[in-house]
Amino acid sequence: MSPVLADVLQVTALIGALALVHRPLGDYMAAVYSSKKHLRVEKWIYRTVGANPDAEMRWPTYLRGVLIFSAVGVLFLYVLQRVQDKLPLSLGFKPITPDQAFNTAVSFISNTNWQSYSGEQAMGHVVQTAGLAVQNFISAAVGIAVAVALVRGFARSRTGDLGNFWADLVRGIVRILIPLCIVAAIILVACGAIQNFGDIHHITTLAGDKQAISPGAVASQEAIKEVGTNGGGYFNANSAHPFENPTGFTNLLEIFLLLMIPFSLPRTFGRMVGSIKQGYAIVATMAIIWFAAVVAVTWLEYAHPGTASHLAGGAMEGKEQRFGEGPSSLFSVSTTMTSTGSVDSFHDSFSGLSGGVLLLGMMLGEVAPGGVGSGLYGILIMAIIAVFIAGLMVGRTPEYLGKKIGSREIKFAACYILITPALALIGTAVAMALPDGKEAMTNVGAHGFSEVLYAYTSASNNNGSAFAGFAANTPFFNTTLGLCMLLGRFLPMVFVLALAGSLAEQQPVPQTAGTLRTEKPLFTGLLVGTLLIVTALTYFPALALGPLAEGLAS
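Just so you know, we're using this note's numbering here: the sequence shown kicks off at 1 and counts up by one.
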């Protein structure tokens, strides 16, 4: 079988699997967040934390719960890393330095999972499981909760109530993430991923060299790493490591797991607002952009110029040799189009133009399909912008799902879409202006600039992947990238929840002949165009200095 045919079959199988779970998983999540009943284990959790799950919250109260809970999580994970040497099962590792502990704590609480350390050489079992893995569940559940609050803003009228944050958080973990991860972890163990709390094994290789082989509860962390679109791997090589990703089947499975919830949440949205077709329009937008990116990166990698690349059948340097060019490209697009950040190949080794496509996936706001929760609320914000643009073109007050989009709503949406570009571009400019940025680059010229741009874009958009040649483990980068992750995660949530509260207070307006039909293919095309145009206007100068310049020069 030719590699190209194998790649086509893999993509076809992936799309088929995602289509199969879209409806049942989307409907199930809608039922979870619409239910009035509480499971026994959930009631126990509410009593433990002193929360009343039936009390409705307005957006400031909901936001306060998100921020306070996340701040406690940052503090807990920071302290856990700083006292690592005093914990059991530490494997003899020293405490994490203050700047790296701050960076890592913020990274995992913000669902970014940026790692400036080698996990198998720095973190013991307790920090990995009780710290990092637990936060993988929590950060993913927070993202879904905020998305559901925005959906309720569209679905409700004449009230400022958006639900209860504690109920949404607990249900997301107990009823959605844990069951899915149990199944995923069992499959990964059956396919060869490791799961233990053993000691480090020291062996002698055939060449006579000494090598340390690290154990760990890898399969369980791998499951939530993908299902929760987290991305932080147990090992430095991430999903290129055979302990995390043993076979070609598990490679495809991990791609499926990281896309499963983001591609199903539009169905949840359609079910909760009472129009399944609205969900289809959103998921179609996501799918068009994702598929176009998969085709573009795969083609660019196969067509990469150079004698060695042609002889190898593609640009194989830095790619996972077990999987090949196509699966590596499929994984890279899926991980940058979501907020996952896990990798099975080095993005630094991709060609200038295909690396630019990976950058573009993050610059779009990671909405195709985006992170767990964050992808849905991100694309709904862009849908509001698209409706507003359509209203300007026809001279009519814009409406979306029966809600008028006035100046207040547009201000919230505009602030949302400006935050991450400002963080990414300002961070890149500051780094390039200081010696720290130049010293961290392992390449010169356009590719070296792309390394810095990629790092701040990844951090600000809560992705977590990197051009691996970038030396980010310094106090400067641990601090500045940590701040970008923190602000890039929680500042947008402020405007999302404020927008949700504003929409929920409105009285619905009846649909007329002049209302834009947002469930039609025309709107899907308008939304795709709006995403591309807004991103191009924002990032084109930076892309021209980095990946475009590199691609045109090669």
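Note that CB positions come from ideal geometry on N, CA and C, so glycine has one too.
As assigned by DSSP and simplified to three states, the class of residue i
| i | result |
| --- | --- |
| residue 278 | helix |
| residue 539 | helix |
| residue 7 | helix |
| residue 27 | helix |
| residue 555 | Nothing can be reported for residue 555, as the shown portion of the chain is limited to 1 through 554. |
| residue 322 | coil |
| residue 156 | coil |
| residue 344 | coil |
| residue 161 | strand |
| residue 115 | coil |
| residue 196 | coil |
| residue 235 | coil |
| residue 22 | helix |
| residue 393 | helix |
| residue 411 | helix |
| residue 266 | helix |
| residue 125 | helix |
| residue 37 | coil |
| residue 378 | helix |
| residue 557 | Residue 557 lies beyond the residue range present for the chain, which begins at 1 and ends at 554; the question has no answer from this structure. |
| residue 339 | coil |
| residue 191 | coil |
Beta-bridge pairing of residue i - partner residues as DSSP gives them
| i | result |
| --- | --- |
| residue 204 | 210 |
| residue 271 | Note: residue 271 sits in no beta bridge, so no partner. |
| residue 400 | 403 |
| residue 58 | 161 |
Other residues of its chain near residue i: CB distance less than 6 Å, five sequence neighbours each side excluded
| i | result |
| --- | --- |
| residue 243 | 194, 218 |
| residue 290 | 337, 368 |
| residue 297 | 329, 333, 354, 357 |
| residue 181 | 223, 224, 227 |
| residue 386 | 526, 527, 530 |
| residue 56 | 161 |
| residue 69 | none |
| residue 310 | Residue placement at residue 310 cannot be trusted, given a pLDDT of 44 that sits under 50; the coordinates are not used to answer. |
| residue 192 | 246 |
| residue 441 | 448, 451 |
| residue 463 | 339, 341, 362 |
Inter-residue spacing [alpha-carbon to alpha-carbon] between residue i and residue j
| i | j | result |
| --- | --- | --- |
| residue 90 | residue 210 | 21 Å |
| residue 190 | residue 284 | 34 Å |
| residue 491 | residue 420 | 9 Å |
| residue 62 | residue 203 | 52 Å |
| residue 50 | residue 64 | 16 Å |
| residue 473 | residue 53 | 41 Å |
| residue 187 | residue 486 | 34 Å |
| residue 251 | residue 239 | 8 Å |
| residue 127 | residue 114 | 16 Å |
| residue 199 | residue 205 | 19 Å |
| residue 151 | residue 500 | 8 Å |
| residue 555 | residue 2 | The question about residue 555 has no answer here: the residues shown for the chain are numbered 1 through 554. |
| residue 411 | residue 427 | 24 Å |
| residue 76 | residue 102 | 11 Å |
| residue 72 | residue 138 | 12 Å |
| residue 111 | residue 340 | 8 Å |
| residue 396 | residue 510 | 14 Å |
| residue 230 | residue 79 | 21 Å |
| residue 6 | residue 326 | 8 Å |
| residue 300 | residue 319 | 14 Å |
| residue 18 | residue 220 | 22 Å |
| residue 416 | residue 495 | 6 Å |
| residue 467 | residue 359 | 10 Å |
| residue 481 | residue 546 | 19 Å |
Same chain, Cβ closer than 8 Å to residue i, neighbours up to 5 away in sequence not counted
| i | result |
| --- | --- |
| residue 98 | 82 |
| residue 408 | 502 |
| residue 518 | 278, 281, 383, 387, 400, 401 |
| residue 27 | 267, 268, 271 |
| residue 484 | 423, 424, 427, 456, 459, 460 |
7 Å CB neighbourhood of residue i in its chain, flanking five on each side removed
| i | result |
| --- | --- |
| residue 154 | 273, 401, 403, 503 |
| residue 169 | 141, 142, 145 |
| residue 23 | 267 |
| residue 74 | 105, 106, 109 |
| residue 413 | 381, 384, 385, 499 |
| residue 11 | 294, 330 |
| residue 34 | 272 |
Distance cut-off 7 Å: residue i Cβ against heavy atoms of the ligand PLP
| i | result |
| --- | --- |
| residue 457 | This structure lacks the ligand PLP; in fact it carries no ligand of any kind. |
Please give me, in chain order, every unbroken run of the alpha helix (DSSP H) with length at least 4 that falls completely inside the stretch 425-508. 435-440, 445-460, 475-505
Can you give, in chain order, each stretch of the alpha helix (DSSP H) that sits fully within the stretch 74-110 and has at least 4 residues? 98-109
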